[in-house]
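*Asks:* Going by the numbering used here, the residue at position 39 of the sequence shown is 370; the numbering climbs one at a time, nothing skipped. Here a beta-carbon is modelled for each residue, glycine too, at the ideal position from N, C-alpha and C. Small disclaimer: the values here were computed from a predicted structure and weren't measured.
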Amino acid sequence: MIVERRKLGRQGLEVGEIGLGTMGMTMAYGDSEEASSIATIVRAHELGVTMFDTAELYGMGTGSSERLLGKAVKGFRDEVVLATKFGFDMNADPIGTGFDSRPEQIREVVDNSLRYLDTDRIDLLYQHRVDPDVPIEDVAGTVGELVADGKVLYFGLSEAGPETIRRAHAVHPVSVLQTEYSLFEREVEDDVLPVLRELGIGFVPYSPLGRGFLTGEVKPAAEYPPADMRSFDPRWQPGNYERNVEAIAALRELALERGIEVTQLALAWLLAQGEDIVPIPGTRSPDRLAQNVAAADVTLGPADLERVREILPEGASGSRYVEEHMPRW
């Protein structure tokens, strides 16, 4: 199958209805293997995936994630949308706990990303997290200048709240918001999605498979190595873990009734939440990638959606991050 395309917002960005997140190819989920990651990216392109997501953070400031993606898409660069992000302070200890969206830093990160990705423009540039020390108007204005210079095509925000979105959009059009959203995580439904639809901003859910929990192939936190984020993720901790496993078992029963995998159920559920939504599941496996993409062929009816709500009325048990990593809107 070849995935269909969707419009992300009103600014002209159009992509395949399922994208590919590449974070796990270089960080957070244990050791990875470059050849398999590249094969997965190439297979995604063959199946019609056009949006590939990376970030400065995913290379821990070394550019490894962006270099990997740039190398993988070299033969079809002009057929895909490359998305990357700025906004973390790579000198913070530990990395991921400090922010830096000063205009001069944004420009430096963009120049580095262009070099690492081996490209002449970044199709979609996100602020990775809101920087409390830099007005969002300054961030949007700087990205607007980069758009005028031809280095960036579209402006995105990640994990921004309604007020921040409105303020940024008033300075330079925001094309896309990226935030966690899945069967496990519903926080955006009440306050964020209505604002996006009012302003004509597309939505890209990251961790659409609950950081792998929705694959059903999970084990308790203590059985993961320390470098794997699941070793400290609250949803894998005792108490939360058992309740979430129980929910996955019920979702799997529903998926079996439909003749699909539980991962396909989770992705099809997201696609059913609106035509302006493009999830970016991550995987290092070409076979898993093909399975994820096939979710675009699954149509869930009202009864299926109601069953999902009965199983997980408010999402998963446990918060989505430890407190020090929780995004601040």
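If you count every other CB in all the chains shown that lies within 10 Å of the CB of Phe383, and 16 or more means buried, which is it?
*Replies:* It counts as buried.
*Asks:* Would you check if the segment 611-631 and the segment 534-541 touch, i.e. whether three or more CB-CB distances between them fall below 8 Å?
*Replies:* These segments touch.
*Asks:* Identify, in the order they occur along the chain, each residue of the same chain with its Cβ nearer than 7 Å to the Cβ of Glu342, setting aside the five sequence neighbours on each side.
*Replies:* Per the sequence shown, the amino acid found at residue 342 is Gln instead of Glu. Excluding sequence neighbours, Gln342 sits near Tyr485, Pro504 and Ser506.
*Asks:* Once the 5 residues before and after Arg433 are set aside, which same chain residues still bring their CB inside 7 Å of it?
*Replies:* Only Val465 meet the Cβ criterion.
*Asks:* Select from Thr450, Val519 and Gly390 the residue whose C-alpha is nearest the C-alpha of Gly406.
*Replies:* For the residues Thr450, Val519 and Gly390, the minimum Cα distance to Gly406 belongs to Thr450.
*Asks:* Under 8 Å, with one C-beta from each stretch per pair, do the segment 445-460 and the segment 412-431 reach the 3-pair mark?
*Replies:* As far as the Cβ criterion goes, the segment 445-460 touches the segment 412-431, which means the pair count is three or higher.
*Asks:* Short of 6 Å in beta carbon distance, which residues of its chain neighbour Leu344, apart from the five on each side in sequence? Order them along the chain.
*Replies:* Answer for Leu344: Tyr485 and Ser506, listed in chain order.
*Asks:* Could you have a look at Pro536 and say whether DSSP puts it in helix, strand or coil?
*Replies:* Strand, per DSSP.
*Asks:* With DSSP as the reference, identify every bridge partner of Lys338, one or two as the case may be.
*Replies:* Lys338 pairs with Glu345.
*Asks:* Would you mind working out which of Arg336, Ile453, Pro463 and Ala491 sits nearest Gly475, comparing C-alpha positions?
*Replies:* The shortest Cα separation from Gly475 among Arg336, Ile453, Pro463 and Ala491 belongs to Ile453.
*Asks:* Inspect the beta-carbon positions of Leu582 and Ala603 and report whether they are closer than 8 Å.
*Replies:* Result no, Cβ atoms of Leu582 and Ala603 do not sit closer than 8 Å.
*Asks:* Go ahead and pull the three-state DSSP assignment for Met356.
*Replies:* Looking at Met356 - three-state DSSP - the assignment turns out to be helix.
*Asks:* Starting from Lys550, trace the alpha helix (DSSP H) in both directions and tell me its first and last residue.
*Replies:* Per DSSP, Lys550 belongs to no alpha helix (DSSP H) and is neither H nor E.
*Asks:* Rounding to the nearest angstrom, what Cα-Cα distance links Arg337 and His376 in this structure?
*Replies:* Going by the C-alpha atoms only, they are around 16 Å apart.
*Asks:* Taking only the alpha-carbon atoms, compute the straight-line gap between Ile437 and Ser444 and give it to the nearest angstrom.
*Replies:* Taking the straight line from one Cα to the other gives about 10 Å.
*Asks:* Give the secondary structure of Gln595 by DSSP, where H, G and I count as helix, E and B as strand, and everything else as coil.
*Replies:* Note: Gln595 maps to helix in three-state DSSP.
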